[in-house]
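S.K.: Below are the structure tokens for one structure; questions will follow.
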Amino acid sequence: MADIIKLLPDHVANQIAAGEVVQRPASVVKELLENAIDAGSTSIKLIVKDGGKALIQVVDDGIGMSETDARLSFERHATSKISSAQDLFNLQTKGFRGEALASIAAIAHVDMQTRPESKEVGTHLKIEGSKIVSQDVVATPVGTSISVKNLFFNIPARRNFLKSNQVELRHIQDEFHRVALVHPGIEFHFYNNGSEIFNLPKTKHRQRIAHIFGSKMESRLVPVNEETEVVKISGFICKPEFAKKSRGEQFFFANNRFIKSPYLHHAVVAAFEGLIKQDMYPGYFLYLDVDPASIDINIHPTKTEVKFDDENTLYAILRSTIKHSLGQFNVAPVLDFDHDPNLDTPYAYREKGATLPKVTVDPTFNPFQDAAKAKSGGGGFQKRSSKGWEGLYEGLEKDVDVEEFSSVAIESDGDVQGTIYSEDHLEEHLATTFQLRRKYVVSTVKSGMLVIHQKRAHERILFEKFLGEITVKEGVSQQLLFPLELTFSKQELNILKEIKDSLSNIGFAFESLEEETVKVTGVPLVVPESGIGTVLDRLIADYKEGFTEGSLSQAEVLAKVLSKNLSVRTGEFLDQESQQALVNNLFACKEPTLSPFQKLTYTIISEGDIDKKFS
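Each residue of the sequence shown is one higher than the last, beginning at 1 in the UniProt record's numbering.
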């Protein structure tokens, strides 16, 4: 039998490796920024065009590379970070696998210029699909500049699965935040399509957070600091009143590397227990310093998933540290020992429940009796006797024509024997709906029983309503007596500017969208004035997190997001009129069967199904 196993060519192996290392343009940004930091840079520029699809360029002032190093850097498993397997247990750098540049060069056009300080001229390399097209000598500043163009040019299927430019740009911004937050001592510049998005000078951690998420963020931060034999914890948590309905301001860094850890996130949420609502997420920026030998980051090429030696101890320390900070800075409520003892409940009444006051009525009371006169007490005025009052009306009954009143019906205390409506007409007006567990609205139909999921049904109703208003531009706006000022980060403000026209069509009115501040002067009728900030926060978060992950138009995306956030909640009480309106409005929709998120809105239980239960 002929031999059938053979070694794959390097360019094929690189494309296979690129599938894990480079998932989207944000992956390239992460790898290039980390390489620039490992090179000892003090200033880094990130330049992006068309969401990273056309161009990703990173310029740094690091140590640069020689001509030989420049060529070797694009080979698989070639790195300056480690030299033996033992080095994996004492990693001090961002990268160590030696796969990033080789993977990027396999699926894009790469242009690199680099020069070390010891050389007067640098090296200019051009690579397309793992093939070196040219290598020249060039005059360039000390450091390295890498341009990645036409990402996935040779993998069209992968390129077609990339999202819109706005979505890819948001993923790039997320990666930029993760790198910039942990390195406040490095100056960062971020440009998109020629306009500057971030200009972050060298500063400290607290100011770096404020520069990225807005100046008002600084007043919301509570310091966290604890040092033990297992871990050193530093950073900041946000005050409980600024917890949000969505994720977005939760950052863990282990040994100056961004990580994702649901287990440690649960420790933070547990520390906030009782201070925030169950469905709210606290913000935090926590930096963990642990022994490099006690952490394993070589699990996935993205290096965001890690394993700790003793996660249980780390969980307990983190939870206790955050609780300590909340109490130390008077964020958590404390017991008040200076209360007034006069307000205490008497001991004899502590176990007794509250009772309604009773009103007693004497059915035998007669104001005309002599006893009443005696009780009234003395006074200058004295009533005459009421005896013989019947004589005042003698003879009157003779003048009254009894026949005149024979046709008059007198209301009696007995049961009413007749009605002005027929029984059939009454049945039509009786209540035909009721609410079950404050989750379902149950009604009757000819074939049996109709059960409607109240939240999904209301989502469908609002979705079609908002979609029509955005398309026709006839949304009704309720003007606010006093404009409401809200604060957002730069990234959130960019999203609001992107969807401002569609929001205006459904009734939102904005006076200004200045830096970090938004003035709201009008809202749709269905949005309560007290919930404007919450609705906009959820709107931005949902719009950012994935409702755009498809071929939907902006109008459909916004209608989806608004219907989700403004619909009635499970557990919300609906009165009889609201239940009936929900039923009527649902079946007036074009697609009443499914919610905007393709979930069933109602089901019908036939009379036959009910009969089978009793057979």
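Positions of the beta carbon are idealized from the N, C-alpha and C atoms, including for glycine. All figures in this text were calculated on a predicted structure; none of them were measured in a lab.
1. Quick check on the burial criterion: 16 or more other C-beta atoms within 10 angstroms. Buried or exposed for Q278?
2. Tell me whether the beta-carbon of A26 lies closer than 7 Å to the beta-carbon of V58.
3. Once DSSP output is grouped into helix, strand and coil, what is the label at R247?
4. For M112, which residues from the same chain have a beta carbon less than 6 Å from its beta carbon, with the 5 sequence-adjacent residues on both sides left out?
5. Compute the Euclidean distance between the alpha carbons of V22 and R159, then round it to the nearest angstrom.
6. Using 8 Å as the Cβ pair cut-off and three pairs as the minimum, do the segment 283–291 and the segment 225–239 touch?
7. Please list the terminal residues of the continuous beta strand (DSSP E) segment that includes P483.
8. Residues in the same chain with beta-carbon distance under 7 Å from K455, minus the five sequence neighbours each way, listed in chain order, please.
9. Quick check on this structure: which residue in L481, A13, F587, D611 has the alpha carbon closest to the alpha carbon of Y602?
10. With 16 other CB atoms within 10 Å as the buried threshold, where does G379 fall?
11. Buried or exposed for Q328, please, with buried defined as at least 16 other CB atoms from any protein chain shown within 10 angstroms of its CB.
12. If you draw a straight line from the C-alpha of H171 to the C-alpha of L221, how long is it?
13. Are V148 and V230 close, meaning C-beta to C-beta below 7 Å?
14. Considering only the alpha carbon of each residue, which of L562, E529, I155 lies closest to G468?
15. Less than 7 Å between C-beta atoms, sequence neighbours within five positions excluded: which residues of the same chain meet that for V583?
16. Against chain D, with Cβ distances strictly below 7 Å, would L151 count as a contact?
17. Within 10 angstroms of the Cβ of Q369, are there 16 or more other Cβ atoms? Answer buried if so, exposed if not.
18. Classify R115 as helix, strand or coil using the three-state DSSP reduction.
19. Could you tell me how far apart the beta carbons of S495 and Y543 are, in whole angstroms, since I believe they sit closer than 8 Å?
20. Here's the rule I'm using: 16 or more other beta-carbon atoms within 10 Å means buried, otherwise exposed. How should L462 be labelled?
21. Between the C-alpha atoms of Q435 and R460, what's the straight-line distance to the nearest angstrom?
22. Please classify Q57: does DSSP put it in a helix, a strand, or coil?
23. So residue 660 is in the alpha helix (DSSP H); what residue range does that whole segment cover?
24. In this structure, does DSSP put G143 in helix, strand or coil?
25. Keeping to the same chain, check which residues put their C-beta closer than 7 Å to that of V527; ignore five residues upstream and five downstream.
26. Which residue spans inside the UniProt domain "DNA mismatch repair protein S5" (209–327) form an unbroken beta strand (DSSP E) run of at least 3?
27. Decide if I579 is buried, meaning its Cβ has at least 16 other Cβ atoms within 10 Å, or exposed.
28. Let me know if D38 comes out buried or exposed under the rule of 16 or more other beta-carbons within 10 Å of its beta-carbon.
29. Hey, could you find the ends of the alpha helix (DSSP H) V182 is sitting in?
30. Compute the Euclidean distance between the alpha carbons of H429 and L558, then round it to the nearest angstrom.
31. E607 and G448 - do their beta-carbons sit closer together than 7 Å?
32. Taking all protein chains shown into account, decide if Y281 is buried (16 or more other Cβ within 10 angstroms of its Cβ) or exposed.
33. Taking the beta strand (DSSP E) that L436 falls in, what are its first and last residues?
34. Could you say which of I532, D501, A457, L356 lies nearest to L480 if we only look at CA atoms?
35. Give me the Cα-Cα distance between E473 and E168, rounded to the nearest whole angstrom.
36. In angstroms, rounded to a whole number, what distance separates the CA positions of D310 and A293?
M.R.: So, from the data block:
1. Translated into positions along the sequence shown, residue 278 becomes position 278. By the beta-carbon neighbour count (other beta carbons within 10 angstroms, threshold 16), Q278 is exposed.
2. Against the sequence shown, residue 26 aligns to sequence position 26. Against the sequence shown, residue 58 aligns to sequence position 58. No. Outside cutoff.
3. Here residue 247 is taken as the residue at index 247 of the sequence shown, counted from 1. In the structure shown, R247 falls within a coil segment according to DSSP collapsed to helix, strand and coil.
4. Within the sequence shown, the letter at position 112 stands for residue 112. Correct list, in chain order: L125, I146.
5. Stepping through the sequence shown from its first residue, residue 22 is reached at position 22. Stepping through the sequence shown from its first residue, residue 159 is reached at position 159. Straight across, the Cα-Cα distance linking V22 with R159 is about 12 Å.
6. yes
7. What you label residue 483 is simply residue 483 of the sequence shown in a count that begins at 1. Here the beta strand (DSSP E) through P483 covers 477–487.
8. Sequence index remark: in the sequence shown, residue 455 carries index 455 (1-based). Result list for K455: S567, V568, R569, T570, in chain order.
9. In the sequence shown, counting from the first residue as 1, residue 602 sits at position 602. Closest option to Y602, Cα to Cα, is F587.
10. As a working mapping, residue 379 is identified with position 379 in the sequence shown. Residue confidence is low: G379 scores 45 on pLDDT, short of 50, so the model does not pin down where it sits. Its coordinate-derived value is still stated next. Classification for G379: exposed.
11. For this step, residue 328 is matched to residue 328 along the sequence shown. Exposed: under 16 other Cβ atoms inside 10 Å.
12. If you number the sequence shown from 1, residue 171 lands on position 171. If you number the sequence shown from 1, residue 221 lands on position 221. So the alpha carbons of these two residues sit roughly 25 Å apart.
13. Here the question's residue 148 lines up with position 148 in the sequence shown. Here the question's residue 230 lines up with position 230 in the sequence shown. No, these two residues do not count as a Cβ contact at 7 Å.
14. To locate residue 468, count along the sequence shown from 1; it is residue 468. Ranking the options by Cα distance to G468, first place goes to L562.
15. By 1-based counting over the sequence shown, the position of residue 583 is 583. For V583, where only same-chain residues beyond five positions count, the Cβ hits under 7 Å are T433, V441, S443, I452.
16. Among the chains in the structure shown there is no chain D, since it carries only a single protein chain.
17. The residue given as residue 369 occupies position 369 in the sequence shown. Looking at its Cβ environment, which holds fewer than 16 other Cβ atoms inside 10 Å, Q369 is exposed.
18. Indexing the sequence shown from 1 puts residue 115 at position 115. In the displayed model, R115 falls within a strand according to three-state DSSP.
19. Taking the sequence shown and counting its residues from 1, one reaches residue 495 at position 495. Taking the sequence shown and counting its residues from 1, one reaches residue 543 at position 543. It should be noted that the sequence gives Ile, not Ser, for residue 495. Confirmed, about 6 Å.
20. By one-based count along the sequence shown, residue 462 stands at place 462. L462 comes out buried.
21. Position 435 of the sequence shown, counted from the start, is the residue given in the question as residue 435. Position 460 of the sequence shown, counted from the start, is the residue given in the question as residue 460. Distance between the alpha carbons of Q435 and R460 is about 19 Å.
22. The sequence position of residue 57 within the sequence shown is 57, counting from 1. DSSP places Q57 in strand when its eight states are reduced to three.
23. No answer is possible for residue 660: it lies beyond the span of the chain, which begins at 1 and ends at 615.
24. Counted from its first residue, the sequence shown places residue 143 at position 143. Strand, per DSSP.
25. Position 527 of the sequence shown, counted from the first residue, corresponds to residue 527. Correct list, in chain order: V535, L566.
26. 221–227, 231–238, 250–254, 284–290
27. Looking up residue 579 in the sequence shown gives position 579. It is Gln, not Ile, that sits at residue 579 in the sequence shown. The residue in question, Q579, is buried, as its Cβ has 16 or more Cβ neighbours within 10 Å.
28. By 1-based counting over the sequence shown, the position of residue 38 is 38. Within a 10 Å sphere around the beta-carbon of D38 sit 16 or more other beta-carbons, which makes this residue buried.
29. Taking the first residue of the sequence shown as position 1, residue 182 is located at position 182. Residue range 165–182 is occupied by the alpha helix (DSSP H) that includes V182.
30. For the purposes of this step, residue 429 is identified with residue 429 of the sequence shown, where counting begins at 1. For the purposes of this step, residue 558 is identified with residue 558 of the sequence shown, where counting begins at 1. Low local confidence applies: a pLDDT of 41 at H429 is under 50, so the model's placement there is unreliable, and no value is given.
31. What you label residue 448 is simply residue 448 of the sequence shown in a count that begins at 1. What you label residue 607 is simply residue 607 of the sequence shown in a count that begins at 1. Yes; because the gap between Cβ atoms is below 7 Å, this pair is in contact.
32. Looking up residue 281 in the sequence shown gives position 281. Counting Cβ neighbours within 10 Å, Y281 comes out buried, since at least 16 surround it.
33. One-based indexing of the sequence shown puts residue 436 at position 436. L436 -> beta strand (DSSP E) spans 433–436.
34. Here residue 480 refers to the residue found at position 480 when the sequence shown is read from its first residue. Among I532, D501, A457, L356, the Cα nearest to that of L480 is on I532.
35. Here residue 473 refers to the residue found at position 473 when the sequence shown is read from its first residue. Here residue 168 refers to the residue found at position 168 when the sequence shown is read from its first residue. Checking the sequence shown, residue 473 turns out to be Lys, not Glu. One C-alpha to the other measures close to 29 Å.
36. Your numbering for residue 310 matches position 310 in the sequence shown. Your numbering for residue 293 matches position 293 in the sequence shown. Straight-line Cα distance between these residues: approximately 12 Å.
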